[in-house]
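Comments concern the structure below.
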Amino acid sequence: MTGPPYGPAEKRESRITVAAFFLAAFSAVVAAFSPLHAGTPDASPEVDRGMRMYRDGILPSGEKMRADTAGGVTFTGAMATCEKCHRRSGMGSSEGGTRVRPVTGAALYHPKEVFGAGHDRKLPVTTRIYPAYTDESLARAIRDGVDPEGRRFDYAMPRYNLTDADLALLIGYLKSLSTSGAPGVTDNVIRFATVVDSRVSPARRNAVVDVLRTFFRDKNAGTRNEAGRARVAPWTDYRKLRAYRIWGLDVWELSGPEETWEAQLEEHYRRKPVFALVSGVSAQGWEPVHRFCEQHGIPSLFPNTDAPEVSGPGYYTVYFSRGVALEADVLARHLSGEPDDIRRGPVVQMYRDNEVGRAAAGAFRKSLAAYGVSDLRDVRLPATGDLPEGVPEELTVGNVPATVVLWLPGSDMRILGERPGGAYPPRRIYLSSTIAGTAAAAALGAPNREVYVVHPFALPRGKEVQDRIRIWLAARKVPPGDERLQFNAFFAAGITGDALDRMLDFFSRDYMLEWVEHMTEESPNPSAYPRLSLGPGQRFASKGSYILRYAPETGWFFPVGGWIVPEVR
Ligand code: HEC
Numbered sequence: 032m033t034g035p036p037y038g039p040a041e042k043r044e045s046r047i048t049v050a051a052f053f054l055a056a057f058s059a060v061v062a063a064f065s066p067l068h069a070g071t072p073d074a075s076p077e078v079d080r081g082m083r084m085y086r087d088g089i090l091p092s093g094e095k096m097r098a099d100t101a102g103g104v105t106f107t108g109a110m111a112t113c114e115k116c117h118r119r120s121g122m123g124s125s126e127g128g129t130r131v132r133p134v135t136g137a138a139l140y141h142p143k144e145v146f147g148a149g150h151d152r153k154l155p156v157t158t159r160i161y162p163a164y165t166d167e168s169l170a171r172a173i174r175d176g177v178d179p180e181g182r183r184f185d186y187a188m189p190r191y192n193l194t195d196a197d198l199a200l201l202i203g204y205l206k207s208l209s210t211s212g213a214p215g216v217t218d219n220v221i222r223f224a225t226v227v228d229s230r231v232s233p234a235r236r237n238a239v240v241d242v243l244r245t246f247f248r249d250k251n252a253g254t255r256n257e258a259g260r261a262r263v264a265p266w267t268d269y270r271k272l273r274a275y276r277i278w279g280l281d282v283w284e285l286s287g288p289e290e291t292w293e294a295q296l297e298e299h300y301r302r303k304p305v306f307a308l309v310s311g312v313s314a315q316g317w318e319p320v321h322r323f324c325e326q327h328g329i330p331s332l333f334p335n336t337d338a339p340e341v342s343g344p345g346y347y348t349v350y351f352s353r354g355v356a357l358e359a360d361v362l363a364r365h366l367s368g369e370p371d372d373i374r375r376g377p378v379v380q381m382y383r384d385n386e387v388g389r390a391a392a393g394a395f396r397k398s399l400a401a402y403g404v405s406d407l408r409d410v411r412l413p414a415t416g417d418l419p420e421g422v423p424e425e426l427t428v429g430n431v432p433a434t435v436v437l438w439l440p441g442s443d444m445r446i447l448g449e450r451p452g453g454a455y456p457p458r459r460i461y462l463s464s465t466i467a468g469t470a471a472a473a474a475l476g477a478p479n480r481e482v483y484v485v486h487p488f489a490l491p492r493g494k495e496v497q498d499r500i501r502i503w504l505a506a507r508k509v510p511p512g513d514e515r516l517q518f519n520a521f522f523a524a525g526i527t528g529d530a531l532d533r534m535l536d537f538f539s540r541d542y543m544l545e546w547v548e549h550m551t552e553e554s555p556n557p558s559a560y561p562r563l564s565l566g567p568g569q570r571f572a573s574k575g576s577y578i579l580r581y582a583p584e585t586g587w588f589f590p591v592g593g594w595i596v597p598e599v600r
């Protein structure tokens with residue numbers, strides 16, 4: 032199954048036209064029912080039960096739904112969900128050459144609004160206008176696979192043997208699937224926010240905010256009387272033009288203890304609802320923001336955090352990567368490939384007792400254990416303050432460790448490098464590029480010691496692509512700043528724009544996420560990561576890391592063993 036309908040064509044313009052062609056074949060006019068935002072606490076119990084069938088394949092009785100497909104094959108439960116093919120938004124997708132048609136209430140019940148506006152818009156002669164469904168004909172479609180004109184569906188659409196009561200719930204849910212009325216969208220404006228943790232340095236904050244503000248300003252400057260042009264446009268351009276909105280950006284600054292963040296987010300949202308969150312930056316984790324977005328069904332695209340929420344189920348936040356947890360898995364995999372080294376002594380990890388440090392150390396312990404290595408010693412340091420005296424010695428209590436992993440920031444590394452350190456140094460030291468940066472390797476590098484950096488980012492590369500953004504930034508007088516963050520913010524804003532282009536005026540948040548899944552891989556914009564991709568439902572776009580070896584003689588880094596993707600466990 033690929034993403035939303037109408038897979039990637041070569042050129043953006045042609046893609047939009049193709050999308051416009053198909054999407055225009057049904058109505059986006061607000062349906063007669065009030066749009067419910069299913070999946071949020073606002074949904075009624077009936078809609079919730081219909082949603083369980085649609086998304087999870089679970090009947091109200093708790094039994095699994097059954098789908099009969101070609102050749103007498105029956106799927107049940109998760110295999111039989113409507114979401115698998117029609118996607119969470121209900122806007123459909125394409126599988127091979129088969130188009131999976133939209134099943135939102137507006138799409139099924141309002142064909143008379145086809146093409147949306149005007150009397151004189153000429154349609155291609157081959158255009159098929161789909162007839163409206165009624166509750167009865169829709170029930171027949173789901174049970175028997177026939178449309179209102181009696182046409183039999185392709186067997187790619189299974190037949191569902193459902194009771195009248197269950198079918199009514201399911202149909203109620205389809206009606207609630209809405210592509211209009213989403214918060215943050217008015218006739219003229221679509222609002223976004225970026226969340227900034229006030230603990231981050233002004234430089235890091237500005238790297239993100241400056242790029243976003245500039246991107247938004249540029250975007251809005253390029254908008255020229257689309258509403259007026261929409262009134263006279265041929266139908267192929269109509270939806271595209273009608274979709275234009277001024278982009279509004281709010282900066283949601285979060286301060287104080289993390290326990291208060293959720294209330295702060297609620298307050299921002301209550302005052303000025305937004306359609307989605309774009310980019311953002313945190314000094315540590317992202318959990319309260321993650322939870323808030325799940326609660327309200329708000330897409331949050333590519334925040335910068337080293338410790339994303341990786342435990343709970345998540346749909347609405349799309350992360351660049353699993354952060355330090357990914358680094359830990361890659362390192363565990365790398366080390367498990369070198370059994371001799373590991374057996375020569377214990378592995379020791381040292382970390383600060385903060386969210387990022389704990390996330391890294393916890394993931395590393397778990398991951399090593401999964402590879403059968405349990406001889407891991409932890410040295411936990413206070414969250415802040417100077418390195419305690421005697422830290423290097425502590426590393427070498429008992430036998431000398433073969434391997435030391437330092438989940439520490441660069442500032443700690445410099446102090447560590449200056450201390451004498453007893454029986455230290457161990458043979459190998461591993462650093463985190465996310466936490467320490469690569470420059471920290473120089474503080475520890477000595478000829479008799481091997482220093483490695485786990486580096487989940489792109490290597491310096493293909494300058495042309497990056498230069499394109501550097502030129503863009505310079506031309507718009509964006510002050511120089513942390514490039515990793517600048518590129519990431521640019522990427523997040525760019526993909527937001529790309530998704531909105533394809534969505535036309537179907538402002539559904541779930542639909543947006545489906546487009547983001549689909550387009551992340553093809554985005555021409557570089558981020559800090561070498562390759563990004565999202566399968567349906569995946570929320571971590573970069574899936575591996577390099578391990579770089581530091582050469583103290585030259586100060587260069589060499590990748591060891593290429594791009595390493597840990598096994599999925
Ligand atoms: C395995 C993929 C798949 C699953 C699962 C699936 N569908 Fe479909 N569905 C399709 C395809 C493909 C079509 C288009 C068939 C055609 O046009 O011949 C379709 C068509 C439809 C139509 C007709 C749309 C129209 O415009 O005429 C409805 C309604 C529908 N599906 C509802 C559902 C519901 C409700 C579920 C879950 C109970 C579901 N589908 C599960 C693939 C699927």
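Per our numbering, residue 32 is the first one in the sequence shown, and the count goes up by one each step.
Cβ coordinates follow ideal geometry from the N, Cα and C atoms, glycine included.
Residue i: CB within 6 Å of a non-hydrogen atom of the ligand HEC
| i | result |
| --- | --- |
| Y542 | no |
| Y191 | yes |
| I89 | no |
| A390 | no |
| K115 | yes |
| D406 | no |
| I173 | yes |
| D195 | no |
| D185 | yes |
| D241 | no |
| V134 | yes |
| T129 | yes |
| D178 | yes |
| M188 | yes |
Extent of the continuous alpha helix (DSSP H) to which residue i belongs
| i | result |
| --- | --- |
| P590 | Note, P590: premise wrong, no alpha helix (DSSP H); beta strand (DSSP E) at 587–590. |
| F521 | 514–534 |
| A111 | No alpha helix (DSSP H) contains A111, which DSSP labels as neither H nor E. |
| W438 | Not the alpha helix (DSSP H): W438 falls in the beta strand (DSSP E), residues 434–438. |
| D337 | That residue, D337, is in no alpha helix (DSSP H); it is neither H nor E in DSSP. |
| V361 | 355–367 |
| Y461 | It is not in any alpha helix (DSSP H) - Y461 instead sits in the beta strand (DSSP E) that spans 459–463. |
| V177 | Here V177 belongs to no alpha helix (DSSP H), and DSSP marks it neither H nor E. |
First and last residue of the uninterrupted beta strand (DSSP E) at residue i
| i | result |
| --- | --- |
| I277 | 277–285 |
| D99 | 97–99 |
| V484 | 481–486 |
| I221 | 220–228 |
| M188 | Run containing M188: none; DSSP gives neither H nor E here. |
| Q380 | 378–383 |
| Y581 | 577–582 |
| R130 | 129–131 |
| D409 | 407–412 |
Integer-rounded CB distance, given that residue j should sit under 8 Å from residue i
| i | j | result |
| --- | --- | --- |
| V131 | H117 | 6 Å |
| A242 | F521 | It is worth fixing the name first, because residue 242 is Val in this sequence and not Ala. Confirmed, about 5 Å. |
| P221 | G212 | The residue asked about is misnamed: residue 221 is Ile in this sequence, not Pro. Not really, about 13 Å apart at Cβ, beyond 8 Å. |
| R507 | T245 | 5 Å |
| F223 | G279 | 7 Å |
| Q380 | D409 | 6 Å |
| Y382 | L412 | 7 Å |
| H321 | G354 | Contact flag wrong, Cβ pair sits at about 12 Å. |
| Y191 | M96 | 7 Å |
Inset, instruction - Take every Cβ of the stretch 296–305, pair it with every Cβ of the stretch 313–332, and state whether three or more of those distances are shorter than 8 Å. - result: yes
Inset, instruction - Report yes or no: do three or more beta-carbon pairs, one from the stretch 160–169 and one from the stretch 85–93, lie closer than 8 Å? - result: no
Inset, instruction - Take every Cβ of the stretch 340–350, pair it with every Cβ of the stretch 554–572, and state whether three or more of those distances are shorter than 8 Å. - result: yes
Legend entry - Given 8 Å, three or more beta-carbon pairs between the stretch 310–320 and the stretch 512–527: yes
Legend entry - Touching by the beta-carbon criterion (3+ pairs, under 8 Å), the stretch 494–507 and the stretch 462–472: no
Inset, instruction - Evaluate the contact criterion for the stretch 478–488 versus the stretch 572–581: three or more CB pairs, one atom per stretch, below 8 Å. - result: yes
Inset, instruction - Could you tell me whether the stretch 399–407 touches the stretch 523–530, using the rule of 3 or more Cβ pairs below 8 Å? - result: no
Inset, instruction - Indicate whether the contact test is met: 3 or more Cβ pairs, each with one atom in the stretch 438–451 and one in the stretch 403–421, closer than 8 Å. - result: yes
Inset, instruction - Decide yes or no for the touch test of the stretch 271–291 against the stretch 200–209: beta carbon pairs closer than 8 Å, at least 3 of them. - result: no
Legend entry - Cβ pair count under 8 Å reaching 3, the stretch 179–191 against the stretch 92–107: yes
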